[in-house]
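One line per chain: the protein sequences are A and B, in this order. Sequential numbering from 6 applies to the first sequence in the working numbering. Sequential numbering from 234 applies to the second sequence in the working numbering. Positions of the beta carbon are idealized from the N, C-alpha and C atoms, including for glycine. First comes the structure, then the notes that go with it.
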Amino acid sequence: MQIQNKIIGRVMLLGITVLAGSMVCAQDSTSATTQTIKGTAAKGLSATGIIKDAANGKPLAAVNVSVPGYSGALTDDNGRFTIQVPHYQATLFVSSEGFQSKEAPLKGGKSVSISLYEETFNSIYDVVQLPFGVKPRNQVVNATASINTQGAWNRSAETPDGYLQGKAAGVLSTMRSGTPNAGAYMVLRGYNSLYTNNQPLIVVDGMIYDISDNGSSLIAGHYTNALANIDVKDIENITVIKDGVSTYGTKAANGVVLITTSHAKQLATKIDFAAYSGMNFAPDKLPLMKSADFRTYLSDVLKTRGWSDALIQAQPYMNDDPSNPEYYRYHNNTDWQNEVFKNTSTTNYYLKVAGGDNIAKYALSMGYMKNAGVTRNTDLKKYNVRFNADLNLSRRLTAGTNLSYTYYEQNLKDQGYAPRTNPLYLALIKAPFLGKREIDNKGAVSPNLADTDTLGVSNPAAIIENMIDNSKVYRFFGSINLKYKLTNTLTLAALGGITVDEAREQVFIPHKGVSNDTLSNAVADNKLGGQTKRIYALYSEAYIDYANTFNQTHRINARAGFRYQSNGTEQAFALGANSATDDFISVGTGVPSLRRVGGDIGKSSWINAYIGADYALVDKYFLSVNMAVDGSSRFGTQLPRGTEFPAAFNMSGHNFAIMPSVGASWLVSSESFMSSLKLIDLLKLRGTYSRAGNDDIGNYTAQQTYVSQNLLGMQGLVRGNIANPALVWETNYKVNLGMDLAMLNERLNVSADIFQNRTVDMLMLEAVPAPSGFTYAITNSGAMKTTGLDLTLSGRIINKRSLKWDVGVTIGTYKSIIKKLPGSSIQTSFGGATVISQVNAVTGIFYGLKTNGVYATDAEAAAARLYKKSGDGSIVPFRGGDVRFMNINGDTLIDNDDRQPIGNPTPDYAGAVSSKLTWKSLSLEVLFTFSHGNKVYNGVRAALEAQSGASNQLASVVNRWRAPGQVTNTPKASWGDPMGNSSFSDRWIEDGSFARMKMISVEYNLPMKGAKAIKYVSFYVTGNNLLTFTKYLGYDPEMYAQESVLARGIDVGMEPQHKSVIAGVRFGL
Amino acid sequence: MILSRSKLICCIALMAGVTIFTACHKDWAEHNDTTDDALKNNLYQAISKTATLGKFSDMLVKTGYDKILSSSKTYTVWAPSDQALQSLDPAISSDTAKLKQFVGNHIANQSYLAGASASQRIQMLNGKYNIMAANKFDSASITIVNQYANNGVFHVIDKFIPRYDNCWELIKNTSAAPLMKSYLLSLNYTGFDSTKATQIGVNPTNGQPLWDSTNGKIASNVFWNKVQNINDESNQYTVFLLTDNAYTTEFNKITPWFKTSTTDSTTNLSSFHLVKDLAFKGLYNVADLPDTLVSQYGVKTPIKKSAIIASYKTSNGVVHIMNQADFTKENKFPPIYIQGELPSRFMVSRPANTFYRVRYNPLTGQNFNDIMMTNYGVADYSIAYFRSGINSMRYNAYWVALNDIQAGGTSAPLWQQRLACGFIRNDTSFRTTTFPAVSIGYNVYSEISLGQFTFPNYADQYFFVLGPTTSSTSGNANAITLDYIKLVPAF
């Protein structure tokens, strides 16, 4: 701590010195430019204009027109105004209650004609929330997307990450699953790293919001989504900053998403209450084999197991004699998917009270949500409260609070790869001829659930009814900020806050109905588990801000600041097994010798000193320069060889990162020569170059660690890793060139960006020689480059007073290419799929065998002269009914050497189309999201067409090869799959392109003429995911099972997204 | 005009929406569609639709097999063509029970594809086995192969395959060898099978299960258990039946060596001794028969092909009728070997002094196991070997007893041991014969002749290896070794 304080002191000193220097520089440059403009400026100039309503062309009266800090005027009844201007290159600022704010450059002329759209119009002049306040988007040099949620009243069940889907070009949000609160895996402009975090930095009300899932879950396939702690209805604005964010230093490599929660806007007390209720619809079932086809399949596959005819006929399910006592147990036709899925309901209440007086304004909101998943016996209960206050403590001192507390409790079920306990998977593989409940010799059905069956498969209904997967999460996230106006131009500000987060999990896998698990030293009848995960983070920031305008020509805004974050995580788990009966579900009741406890503690701290300046010349030319210096407890103690000073330096044995950025933009349309082009309202060109970093390199990776080890009952410590004292952050260079265009009187807006993100010092797991005792060391030995394009189009197609139709399109494409690896390629496996990352190739491409149908006859197979090396080393020829694998390496063996790239899980392009049609008090909003060209490994189908065991299979397996001469694309059934027919190949790679109607919503605002008590009443009906267009043969082409670049597009059987319809009412008091 | 334009846009949007809705489908149907028409039929449907199988198809309906072949298990059908069925005996087609057996002889569980080079015996639904090889089904040729349906395959064959009796059924039905048949049938008994019985309680005194009196009862036969289970369909057997003349000749030949107190028991013992070497595992048609077969009792049975007067194919092998057996007494009564390392009893337990050894015999070039006892320190010590059913005849006795520890001389004297026989274990008074003591030479691996036993009656016997009559505690003076005792009939 002593050392840390010293460092902090030094960095602050450095920051202040640099800041002072830059101030001087800025002053110098300003005075130089001021001189040239001064010559053209003259007192007593005036400009005139007319302001109209864009919807009907009628003049607007009493609109505020101003040259800030210089002059102001109001329009008359004819919409006309006259205003003093400093020079004819000046820009007029227009604002009026109920209408958009707008800027009108004079472009050297003396009169302007301005038309205004309504307040909610999606305009280039909308303000964007930036790390240091708001700015109209036309003045911003960065590539940003700003989403004003307008309360998001029709998206009540969404989490912020899911809400963001399709809202901003370049944000590829992929829904993790259909489980409530699971949210989406967000990637901003592609990947920047293979092994570290690829999600953008989330900053909520100025404070860094930790979204990492600290430690794994005991619940298979479950992800504790931190963003679920924010009620989307509390959000006022989400701004996505895609480039030039070096001020967040080594946390900003993946871009920054700023979330601003809503504060009271007016003094009058305003009460909003909303209530929603809806239905979630069970997903469409996968077409499986029915009892008869399954039994035929089973007798085929058991024959290939080497079972004799007599043994097969002796199986109880082969008995067709009703007098046999086993008959009724094995002659059912159960649709197991029905036993797992169910239509469920959702309820949501929300109350917000806002108001206050001159001194204190507050916004208090409370929410309650109950949302059941479509899996039976799963649900979510969420309670959240937020208190946002703004205090004018004195004329110069203002303060604010943003305090939020969320608690939610989820009953879940295992998902993904959990073959014994994932009810969804079990429902697919469970024999349909079995019954859900116990059946006696006479066919009478007992209320007791059936136990694990003779094929060793758990009863999905037992999992649904008796397995416990419970998760309880709370998070307090609160900050207090102070602003002190030293002078009119200098402001001091400070912010401090804490995050306290805890997630508790309880897991119980019952004995009855669930197949036993084999532990290292025992067979587990039932399993018990408990886990607690905690995050405690302290965040503080202080900065000084300078803002001034000189001669109505130069505007400067400079700042210097300092951020500090300390982060602590803790994970503790206890696992047990074999409690006496299924009524004892806590870990303590398990057999003591099988009890296992463990955990993890992580601590890190981060400091960041930054300076920056924004400069605007005649509101036409914009320049922004920023720099941050970062230190972190995670960095190593030595600089890597070859690191030059401008990138990093070492002070007192600590590495520091230097993260500069520069950005400029030019409002071409404000130039005089553009005044004749009436078609174009605004044209802006912008560019940024910045450096940012990624500090997600592990808390202790740079240091030597020891881990406990048990050897024959003796406890000891062994080395846990190879220390890398030269470990540094990943550095990311971002170049962005963009253009914003508004034309046809703002009816059409286009924003386009091309970008390149280059990661160097990318964290890699570098293989080390075996004698070291380790398999890999963590080094900064990789590099990656991502290039891409973002495009946003928005247009008002119909613009009438009572009928308006807005359509928007966002589309983004990117390509992440590995530029450097310690070896030539990396292969990773997840969920049965293998992906390869190679130098000069796209990240994480599926790597497997290519196939070309099935051999119809033995002769045909013999002619191919291909062989497979079996487990015992013998060479076996392919026969009729085997898959025709493509042999690429010239030998006659089909093996791993014949693998080749078979698909890219990254979409060619992805985006969304949105539409909003408003007719009088009725509006219809639709959001389509789409993804094109991404390949998906259908692991579920691979398991359901493998034909290698006693699992039920898809109906397509009826087409399997039965006899020579049969031409089919489904191979024969063979127990254990000795010929590898179901190995990872292009048979399971599918086109995952989809277009989904993510949301369709109708809103009706009841006209409330004369009613005093109730200010407004609105009705909503929202449908989610009602339509999905895809060729994908699975529940859902959109899923993300694991937080890793290398897990994209791998379908391991997550709970699918489902259709839902929610109706709601909102009224204001 | 402008308004109508916006209306027009609305209409277009609406139409687009409707198109999207109607276009919404999943591609599952395409993926799962049964592309192969053959897979849309079950086996019965497929057979009934095959033009040349009209008669067989009718038989399936008549026997109820159509329902089985429509069910959801997997089957293989070898369907005789209409032409093949023309020659079928009307006695079969008119008798439903027989017809069911007949049709069941052409259907098997599981799917068996023709064309495989190795032949396999496949059990049919009537319980019988038939052999399929490459493109043959029993004696029929498969004319149309591997026709698949959704629950199996069928092959068309050019001959029907009648249901054959198995070896036992054939013996029951034959009249060729009345004496031997009646003896074999006399071995029938009623056995008990607990897997078929129903437990009705627990015996309160010993905790054993109590079974009901009827279900567990099964018909069995001593011949099945002790010789070959020729009633078992799953294996193949070759059985020889002797005509009455041959049977009597052989019977008379061996009767003297089964002298007992009663005639009945002598007859029974002789009869069993005769038939026990007449059934063999495996199928030997006349052409394949060697001149000698070795029975499971190690007896060489001479086979004279000229003596075989008839052969009958059965579902589990073949039955040959033979009018001459010509067993030689040397073959019928092979020498008896008693292995030293398999003692029945020790006079006094001396585990610390008892060694079971593996030694190499340079004369035979093979390893052998023996027993050696040293320093047991008991006078007249004996190791007993029980042997049941020693025939009423003379035997020359030999042994191999290896001394590889005492080279002779005063420091390592050779020891002596004796061979004896008797009725009851170790009681010296029941020893009937005791041979003189023999000195066990150093490193002698050859058989040593000991003398001749004469047994007046067929009985069980104990053989003893005895130490010296006096005990000695000095060195290895009292030791016993034995590789084996050999008893050679002296007739």
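Is the beta carbon of GLY598(B) closer than 8 Å to that of VAL227(B)?
As shown, chain B starts at 234 and ends at 724. That puts residue 227(B) outside it, with no answer to give.
For LYS1064(A), collect the residues of the same chain with a Cβ closer than 6 Å to its Cβ; drop the 5 residues on either side in sequence, then sort them by chain order. Here the set comprises PHE286, ASN1030 and LEU1031.
So, using beta-carbon positions, are GLY534(A) and VAL478(A) closer together than 8 Å? Not a contact, by the Cβ cut-off of 8 Å.
Out of VAL336(B), GLN334(B) and ILE377(B), point me to the one whose CA is closest to GLY348(B)'s CA. Closest by alpha carbon: ILE377(B).
(Q) For PRO141(A) and ALA225(A), what's the separation of their Cα atoms in angstroms? (A) In this structure, the CA atom of PRO141(A) is about 45 Å from the CA atom of ALA225(A).
Note to self: By the DSSP assignment, the beta strand (DSSP E) with SER528(B) in it spans what residues?
What the structure shows: For SER528(B), no beta strand (DSSP E) encloses it, and the DSSP letter there is neither H nor E.
Taking the C-alpha atoms as reference points, what is the distance between SER582(B) and SER503(B)?
Take the alpha-carbon of SER582(B) and the one of SER503(B): they are about 39 Å apart.
task = Provide the residue span of the beta strand (DSSP E) that contains THR818(A), from first to last.
result = Boundaries of the beta strand (DSSP E) harbouring THR818(A): 808-825, taken from the DSSP string.
- Task: Go ahead and pull the three-state DSSP assignment for LYS282(B).
- Result: In the structure shown, LYS282(B) sits in coil (DSSP, three-state: anything other than H, G, I, E or B).
query: Taking the DSSP output, what are the residues bridged to TRP671(A)?
result: Looking at the DSSP output, TRP671(A) sits in a beta bridge with TYR626(A) and LEU690(A).
| message | Quick test of your reading: ALA618(A) and ILE561(A), contact by CB under 8 Å. State the CB separation rounded to the nearest angstrom. | response | Confirmed, about 7 Å.
> Leaving out five residues before and five after SER629(A) in sequence, what residues of the same chain have Cβ atoms less than 6 Å from its Cβ?
Replying inline: Once the five neighbours on either side are set aside, the close Cβ partners of SER629(A) are VAL146, ASP619 and GLY668.
Contacts of LEU1038(A) in chain B (Cβ-Cβ under 7 Å): Contacts between LEU1038(A) and chain B, judged by CB atoms closer than 7 Å, involve ASP260, TRP261 and HIS264 in chain order.
Own chain partners of THR274(A) with C-beta closer than 6 Å, once the 5 adjacent residues on each side are dropped
If the five residues before and after THR274(A) are omitted, its C-beta is found closer than 6 Å to the C-beta atoms of GLY360, all from its own chain and listed in chain order.
Please compile the residues from chain A whose C-beta is within a distance smaller than 8 Å of the C-beta of THR267(B).
-> Within 8 Å of the CB of THR267(B), the CB atoms of chain A belong to VAL963 and ASN964, in sequence order along the chain.
* Between the Cα of GLN905(A) and the Cα atoms of SER807(A), PRO428(A) and MET891(A), which residue gives the shortest distance? -> That would be MET891(A), whose Cα lies nearest to the Cα of GLN905(A).
- Any C-beta of chain A sitting closer than 8 Å to the C-beta of SER498(B)? Chain A, which has no Cβ nearer than 8 Å to the Cβ of SER498(B), makes this no.
Of the residues ALA960(A), GLY916(A) and ILE1055(A), the one placed nearest MET1002(A), counting alpha carbons only: Per the Cα distances, GLY916(A).
Open item on the list: In whole angstroms, give me the CA-to-CA distance for GLY566(A) and ASP700(A).
Closed with: Straight-line Cα distance between these residues: approximately 20 Å.
Review point. Since ASN518(B) contacts SER625(B) with CB under 8 Å, what's their CB separation in whole angstroms?
Key: Not confirmed; about 39 Å, so no contact.
request  = For chain B, find out if any of its Cβ atoms is closer than 8 Å to the Cβ of SER304(A); answer yes or no.
outcome  = Yes, SER304(A) lies at the interface with chain B (some Cβ there is under 8 Å from its Cβ).
Q. Any idea if THR555(B) is buried or exposed, counting beta-carbon neighbours within 10 angstroms, 16 or more meaning buried?
A. The sequence given here has Met at residue 555(B), not Thr. By the 10 Å Cβ count, MET555(B) comes out buried.
Check: Using a C-beta to C-beta distance shorter than 9 Å, which residues of chain B count as neighbours of PRO292(A)?
Finding: Those are TRP261, ALA262, HIS264 and ASN265, listed as they occur along chain B.
Discussion item. Let me confirm a value: PRO515(A) is counted as buried when at least 16 other C-beta atoms fall within 10 Å, else exposed. Which label applies?
Written reply: Buried.
Exercise. In angstroms with no decimal places, state the Cα-to-Cα distance between ALA367(B) and VAL386(B).
Key: Distance between the alpha carbons of ALA367(B) and VAL386(B) is about 15 Å.
Where do the ends of the alpha helix (DSSP H) carrying ASP305(A) lie? 296-308 is the span of the alpha helix (DSSP H), which, as asked, contains ASP305(A).
Exercise. Which value, in whole angstroms, describes the spacing of the CA atoms of TYR738(A) and TYR694(A)?
Worked result: So the two alpha carbons sit approximately 7 Å from each other.
Item to check | Classification of LEU70(A) by the beta-carbon crowding that lies within 10 angstroms, buried from 16 upward | outcome: This sequence places Val at residue 70(A); Leu is not what is there. With 16 or more other Cβ atoms within 10 Å, it is buried.
For LYS1036(A), which of helix, strand or coil comes out of DSSP? Note: LYS1036(A) maps to coil in three-state DSSP.
Using a Cβ-Cβ cut-off of 7 Å (strictly less than) and excluding sequence neighbours within five positions of GLY1054(A), which residues of its own chain qualify? Taken in chain order, the residues that qualify are PRO910, ASN939, LYS940, VAL941, TYR942 and GLY997.
Quiz item: Near ARG509(A), what residues of its chain come up, given a Cβ to Cβ distance below 6 Å and the 5 sequence neighbours on each side ignored?
Solution: The residues are LYS477 and THR537.
Next on the checklist: I want to verify the contact list: residues of chain B whose CB lies under 7 Å from the CB of PRO645(A), in sequence order.
Outcome noted: The contact set of PRO645(A) on chain B, defined by CB atoms closer than 7 Å, is empty, because the minimum CB distance reaches about 52 Å.
Let me check you understand the geometry: is the CB of ARG870(A) closer than 7 Å to at least one non-hydrogen atom of the ligand NAP?
In terms of ligand content, the structure shown is empty, and the ligand NAP therefore cannot be addressed.
Separation of VAL379(A) from ALA280(A), as counted between CA atoms = Rounded to whole angstroms, the gap between the alpha carbons of ALA280(A) and VAL379(A) is 21 Å.
Notebook entry, point to check: Taking Cβ positions, are ALA317(B) and LYS392(B) nearer each other than 8 Å?
Noted result: A contact, by the Cβ cut-off of 8 Å.
Listing by chain order, which chain B residues have their CB less than 9 Å from the CB of ASN971(A)? Contrary to the premise, residue 971(A) reads as Gln rather than Asn in this sequence. Neighbours of GLN971(A) on chain B, chain order: ASP269, ALA271, LEU272, ASN379 and TYR381.
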